Amino acid sequence: MGECYIAGLTLIVPFSAFLSRYLGARRLIMFSLILFSVAAVAAGFADSLHSLVFWRIVQGAGGGLLIPVGQALTWQQFKLHERAGVSSVVMMVALLAPACSPAIGGLLVETCGWRWIFFATLPVAVLTLLLAYRWLNVASTTMASARLLHLPLLTDRLLRFAMIVYLCVPGMFIGISVVGMFYLQNVAQLSPAVAGSLMLPWSIASFVAIMLTGRYFNQLGPRPLIIVGCLLQAAGILLLTNVTPATSHRVLMMIFALMGAGGSLCSSTAQSGAFLTIARRDMPDASALWNLNRQLSFFIGATLLTLLLNALQRVMSLEVAYRWTFIAAAGITLLPLIYAVCLNNRKALLCLKKERP
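Note that the sequence shown covers residues 1 to 357 in UniProt numbering.
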């Protein structure tokens, strides 16, 4: 069912800036919250698989409108040098949600039944709707976006660089999290519980990296943080090639901590730097492009590594195929370094310093 939600989310993101132009951000956010709530209730009452799939897609569409419009609104309220701190707060909340949701969801299923997974989102959605009605000002949140997808914005170097980083770093980690878990269980012979527990050091390292981005982005600019992040994640992925049943749990924790620190350093830096040179009027369109690329990067990363592994298995042993897949993923993770060398980091720092008091 998660794939259905993601499908609805991905399909609607390109329309977000277009809809903002005609409805205004306030109306669009309130509409998306109502759509999300109605779909959640309908999914909870679904009496067939087809009905459940349909309402999950609709729910994803409601949630998908919130992300780019909400991001554009948030970025418009803060100056350039304040956005790294805001981005860190948002990403830490985003990191906390998937860490807590499995436990909460499991508890709801055990005590109340699976339908309450959907019903439980209703109070939060209604509260958010009331806050949007009270806090958002119609005059200040009407956006002047003109196109479905404003592709000329991709000529902006920082936005383009940030999108490449997301494709190559977080995208590759999603692929590794899919392929790597099978490797750890089938080749390294770890139990599912032990393999799953490795996401804890990943989460802790990610949390630290996001905090460091918020603190040092304005001082260092995006280039050094991206370089360090790419190197850390690539090192963690390469170390996976040496994992065997005899590998200690401490080493495995270090590997996932490296990937967590590197991946989150890159993703938080990319998000903080993507809109530095984007004009305020273009923010909704840039946010739509950014969030579409974000969803595509997760899909492409998982699909690419899975296809590569399946192809390699036909010409070599399973263990060797996994290792070459990891090597390829590490290589792709390092691709943004080529662009980073040519990036005008001084220009980014000047943009940040220009708005400081």
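Ideal placement from N, C-alpha and C gives every residue a C-beta, glycine not left out.
Small disclaimer: the values here were computed from a predicted structure and weren't measured.
Exercise. Mark T155 as exposed unless 16 or more other C-beta atoms lie within 10 angstroms of its C-beta, in which case mark it buried.
Key: Reading the sequence shown from its first residue, position 155 is the one you call residue 155. Classification for T155: exposed.
Quiz item: Once you ignore the five residues that flank Y166 on each side, which residues in its own chain have a CB closer than 7 Å to its CB?
Solution: The sequence position of residue 166 within the sequence shown is 166, counting from 1. Taking Y166 as the centre and dropping the five residues before and after it, the same chain places the C-beta of S267, A270, N293, R294, S297 closer than 7 Å to its C-beta, in chain order.
Practice problem: Closer than 6 Å by C-beta to S145: which residues in its own chain qualify, once you throw out the five before and the five after it? Chain order, please. | Solution: The sequence position of residue 145 within the sequence shown is 145, counting from 1. Residue confidence is low: S145 scores 45 on pLDDT, short of 50, so the model does not pin down where it sits. Its coordinate-derived value is still stated next. So the list reads A17, S20, R21, P284, D285, once near-sequence residues are dropped.
Quiz item: When the Cβ atoms of the stretch 245–258 are set against those of the stretch 160–178, are three or more pairs found closer than 8 Å?
Solution: no
Quiz item: What is the C-beta distance between residue 413 and A84, in whole angstroms, given that I count them as a contact (C-beta under 8 Å)?
Solution: Residue 413 is absent from the structure shown; the chain starts at 1 and stops at 357.
Self-check item: Unbroken alpha helix (DSSP H) run spanning V320, endpoints
Solution: As a position in the sequence shown, residue 320 is number 320, starting the count at 1. Per DSSP, V320 belongs to the alpha helix (DSSP H) from 318–333.
Quiz prompt | Proximity of residue 361 and L304 at Cβ, strictly below 8 Å | solution = Absent from the structure is residue 361, since the part of the chain shown begins at 1 and ends at 357.
Exercise. Scan the stretch 218–250 and note each continuous alpha helix (DSSP H) run of 4 residues or more that stays entirely inside, going in chain order.
Key: 222–240
Quiz item: CB-CB under 6 Å to T142, same chain, minus the five flanking residues each way: which ones, in chain order?
Solution: Numbered from its first residue, the sequence shown carries residue 142 at position 142. With a pLDDT of 48 at T142, under the threshold of 50, the modelled position of that residue is not reliable, and the figure given next carries that caveat. So the list reads G24, once near-sequence residues are dropped.
Practice problem: Specify the secondary structure class of W114 as computed by DSSP and reduced to three states. | Solution: As a working note, residue 114 is residue 114 in the sequence shown. In this structure, W114 counts as coil in the three-state DSSP scheme.
Quiz item: Rounded C-beta distance between G236 and G196? I'm assuming under 8 Å.
Solution: As a working mapping, residue 236 is identified with position 236 in the sequence shown. As a working mapping, residue 196 is identified with position 196 in the sequence shown. Actually they are not in contact, since the Cβ atoms of G236 and G196 sit about 17 Å apart, beyond 8 Å.
Practice problem: Using a threshold of 8 Å, state whether the C-beta atoms of Y339 and I164 are closer than that. | Solution: Locating residue 339 in the sequence shown gives position 339, where the first residue counts as 1. Locating residue 164 in the sequence shown gives position 164, where the first residue counts as 1. Yes; because the gap between Cβ atoms is below 8 Å, this pair is in contact.
Practice problem: Find the nearest neighbour of L225 within the set L153, I57, L343, A188, judged by alpha-carbon distance. | Solution: On the sequence shown, residue 225 is found 225 positions in, with the first residue counted as 1. Nearest neighbour of L225 by Cα position, chosen from L153, I57, L343, A188, turns out to be L343.
Self-check item: Boundaries of the alpha helix (DSSP H) in which H50 is found, first to last residue
Solution: In the sequence shown, counting from the first residue as 1, residue 50 sits at position 50. H50 -> alpha helix (DSSP H) spans 49–77.
Quiz item: Would you call the CB atoms of S88 and I227 closer than 8 Å?
Solution: Here residue 88 is taken as the residue at index 88 of the sequence shown, counted from 1. Here residue 227 is taken as the residue at index 227 of the sequence shown, counted from 1. No, the Cβ-Cβ distance between S88 and I227 is not below 8 Å.
Quiz item: How about A348 and G180: do their beta carbons lie closer than 8 Å?
Solution: Locating residue 348 in the sequence shown gives position 348, where the first residue counts as 1. Locating residue 180 in the sequence shown gives position 180, where the first residue counts as 1. Cβ distance not < 8 Å, so A348 and G180 don't count as in contact.
Quiz item: Should the stretch 111–123 be regarded as contacting the stretch 24–33, the criterion being three or more beta carbon pairs within less than 8 Å?
Solution: no
Quiz item: Taking only beta-carbon atoms, is I176 less than 8 Å away from chain C?
Solution: Considering every chain present, this structure includes no chain C. It has just one protein chain.
Exercise. Can you have a look at M259 and say buried or exposed, based on whether 16 or more other CB atoms are within 10 angstroms of its CB?
Key: In the sequence shown, the residue the question calls residue 259 occupies position 259. So M259 ends up on the buried side.
Practice problem: Using the Cα positions of residue 362 and R281, report the straight-line distance between them to the nearest angstrom. | Solution: As shown, the chain starts at 1 and ends at 357. That puts residue 362 outside it, with no answer to give.
Quiz item: What are the uninterrupted segments assigned as alpha helix (DSSP H) that are 4 or more residues long and contained completely in the stretch 121–202, given in chain order?
Solution: Within the stretch 121–202, the runs of alpha helix (DSSP H) at least 4 residues long that lie entirely inside it are, in chain order, 121–135, 157–168, 170–186, 192–197.
Quiz item: How big is the Cα-Cα spacing for L198 and S177?
Solution: Position 198 of the sequence shown holds residue 198. Position 177 of the sequence shown holds residue 177. Cα-Cα distance, rounded: 10 Å.
Quiz prompt | L265 versus A279, W114, T333, N310, residue with shortest Cα-Cα distance | solution = On the sequence shown, position 265 is the one that residue 265 refers to. The shortest Cα separation from L265 among A279, W114, T333, N310 belongs to T333.
Quiz item: Can the beta-carbon of P68 be found less than 8 Å from the beta-carbon of V109?
Solution: The count along the sequence shown starts at 1 and reaches residue 68 at position 68. The count along the sequence shown starts at 1 and reaches residue 109 at position 109. Their beta carbons are not under 8 Å apart, which means P68 does not touch V109 by this criterion.
Self-check item: Alpha-carbon spacing of L318 relative to L335, whole angstroms
Solution: As a first step, residue 318 is located in the sequence shown; it is residue number 318 there, counting from the start. As a first step, residue 335 is located in the sequence shown; it is residue number 335 there, counting from the start. Straight-line Cα distance between these residues: approximately 26 Å.
Practice problem: Put T277 into one of helix, strand or coil per three-state DSSP. | Solution: By 1-based counting over the sequence shown, the position of residue 277 is 277. Looking at T277 - three-state DSSP - the assignment turns out to be coil, as it is neither helix nor strand.
Quiz item: Should P201 be labelled buried (16 or more other beta-carbon atoms within 10 Å of its own) or exposed?
Solution: Against the sequence shown, residue 201 aligns to sequence position 201. By the 10 Å Cβ count, P201 comes out buried.
Exercise. To the nearest angstrom, report how far apart Q59 and V320 are at their CA atoms.
Key: For this step, residue 59 is matched to residue 59 along the sequence shown. For this step, residue 320 is matched to residue 320 along the sequence shown. Answer to the nearest angstrom: the Cα atoms are 41 Å apart.
Quiz item: So, N291 versus Q71, is the Cβ gap smaller than 8 Å?
Solution: Translated into the one-based positions of the sequence shown, residue 291 becomes position 291. Translated into the one-based positions of the sequence shown, residue 71 becomes position 71. Going by C-beta atoms, N291 is nearer than 8 Å to Q71.
Quiz item: My guess is that A61 and L136 are in contact by the Cβ rule of under 8 Å, so how many angstroms apart are they, rounded?
Solution: The residue given as residue 61 occupies position 61 in the sequence shown. The residue given as residue 136 occupies position 136 in the sequence shown. About 20 Å; that fails the 8 Å criterion.
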